[in-house]
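What follows is one structure encoded as structure tokens, with my remarks underneath.
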Amino acid sequence: EESGAAESTFTICIIGKDPFGDILEVVAKKKARGKDLAIRRLTDTRQFDHCHILYVSLALSTQVSEILKAAETQNVLTVSSSKDFAAKGGMIGFVTVADESEGGSRVRFEINLEAARKRGFKINSKLLELATQVRQ
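Add 41 to the 1-based position in the sequence shown for this note's numbering, that's all there is to it.
This is how it looks when you write it as structure tokens:
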């Protein structure tokens, strides 16, 4: 939940190789809380104007610290599947964990609550309960 969002469009930005393919184009045709959704694919690792969510691709794992530093000046929720993303200062990091009951793996997530709060985001308590790890 973002504090103070008054824009009419909610923008999801992907920096680096887009792992989502056409699925985001389907999502972009919907509305979220009455706002239009827009998808932007970025190449500049320092320019996130008008992004509400910034997904940092695995291809940019070596640049995560630089990207997060640039994002500090923006009111953007940072998300990635990059290793140790939440530990490095990202807000939500997707992780793969073994699922012994099904003999495979599941995608879960870690939350860096401190990083989210610094940018004015409030994380729902139910979401915090679902996280595999919450960094205070």
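Where is the CB? At the ideal position from N, CA and C, for every residue including glycine.
Going by C-alpha to C-alpha distance, which of the options sits closest to residue i?
{"i": "Val68", "options": "Lys58, Pro60, Ala79, Arg74", "result": "Ala79"}
{"i": "Arg149", "options": "Lys124, Phe162, Lys129, Lys159", "result": "Lys124"}
{"i": "Thr52", "options": "Ser122, Arg82, Phe126, Pro60", "result": "Arg82"}
{"i": "Glu155", "options": "Glu170, Ala127, Leu171", "result": "Ala127"}
{"i": "Gln174", "options": "Leu168, Asn165, Glu151", "result": "Glu151"}
{"i": "Asp35", "options": "Leu169, Ser122, Ala73, Ile55", "result": "Past the boundaries of the shown model lies residue 35; the chain is included only from 42 to 177, so the question cannot be answered."}
Classify residue i: buried if its beta carbon has 16 or more other beta carbons within 10 angstroms, exposed otherwise.
{"i": "His91", "result": "exposed"}
{"i": "Val120", "result": "buried"}
{"i": "Gly45", "result": "Residue placement at Gly45 cannot be trusted, given a pLDDT of 46 that sits under 50; what the coordinates show is reported in the next sentence. Burial call: exposed."}
{"i": "Asn153", "result": "buried"}
{"i": "Thr225", "result": "Past the boundaries of the shown model lies residue 225; the chain is included only from 42 to 177, so the question cannot be answered."}
{"i": "Thr50", "result": "exposed"}
Which partner residues does residue i have in the DSSP bridge list?
{"i": "Ala79", "result": "Thr52"}
{"i": "Ala73", "result": "Lys76"}
Span of the alpha helix (DSSP H) holding residue i?
{"i": "Arg158", "result": "154–159"}
{"i": "Leu171", "result": "166–171"}
{"i": "Val138", "result": "Segment 133–140 is the beta strand (DSSP E) holding Val138; no alpha helix (DSSP H) there."}
Where does the unbroken beta strand (DSSP E) through residue i begin, and where does it stop?
{"i": "Leu109", "result": "That residue, Leu109, is in no beta strand (DSSP E); its alpha helix (DSSP H) goes 105–112."}
I want to know whether the segment 133–153 touches the segment 108–116 - three or more CB-CB distances under 8 Å. Short answer: they don't touch.
Could you say if the segment 153–171 and the segment 113–120 meet the contact criterion of at least three C-beta pairs nearer than 8 Å? Look at the beta carbons and you see the segment 153–171 touching the segment 113–120: at least three pairs across the two are nearer than 8 Å.
Report yes or no: do the segment 137–146 and the segment 95–108 share at least 3 C-beta pairs separated by less than 8 Å? As far as the Cβ criterion goes, the segment 137–146 does not touch the segment 95–108, which means the pair count is below three.
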